[in-house]
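Asks: First the structure, then my questions, so here it is.
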Amino acid sequence: MPVTFQQAAAATPSGTHVGTATLVPEQSRDYRRGFSDGFKQGFRQGERKCDKHDNRRALTGFPEQSRDYRRGYKDGFNVGYRTGQRSC
């Protein structure tokens, strides 16, 4: 039996339907942005230090950045540095 438009419009949305207006919490965005920035910087530094000395230093001084950004930056820097070292 075919479903009419009126029946479809009256149906409640299923649990698998994903809306397009999903809001991402601010702290999650800050962490992701920090992780991305840290990864790029760590990767560059890891590639430059291919002599296998562990002289990594993350940039410091983010007084205006949120705590989540700083945590994301630190995590991203460490992952990026290791990835950069492996690319040698």
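Counted from 1, the sequence shown has number 58 at position 66 by my numbering; the numbering is strictly sequential. Don't be surprised by glycine CBs; every beta carbon is placed ideally from N, CA and C.
Under three-state DSSP, which class holds S79?
Replies: coil
Asks: Consult DSSP for K32 and reduce its assignment to one of helix, strand or coil.
Replies: K32: helix per DSSP, three-state reduction.
Asks: So, using beta-carbon positions, are G30 and Y73 closer together than 7 Å?
Replies: no
Asks: Assign E39 to one of three DSSP states: helix, strand, or coil.
Replies: helix
Asks: Check S20 in the structure and name its three-state DSSP category.
Replies: helix
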